[in-house]
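Numbering (my numbering), first residue to last: 53 to 114.
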């Protein structure tokens, strides 16, 4: 998978749903009818700190 920029200047201009990084107005992959948001749009500018420091999921043993 391609590496995504950690703090893009204009994340709203790109669909982040696959490795193609299509313009928001021209989705080429058929990923749906709307673009996939960048984590900075969902969680804020400190999203990477949150992702690195979140607790590991507990293994339920199932």
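Note that CB positions come from ideal geometry on N, CA and C, so glycine has one too.
Where do the ends of the alpha helix (DSSP H) carrying residue 139 lie? Because residue 139 is not part of the residues shown, which for the chain are 53 to 114, the question remains open.
May I ask you to report which of helix, strand or coil DSSP gives residue 57? coil
Inter-residue Cα distance where the pair is residue 88 and residue 104: 21 Å
Candidates 64, 74, 109, of which the one nearest residue 92 by Cα: Check the Cα spacing between residue 92 and each of 64, 74, 109: the tightest is with 64.
Whole angstroms is fine: what's the gap from residue 73's alpha carbon to residue 56's? 9 Å
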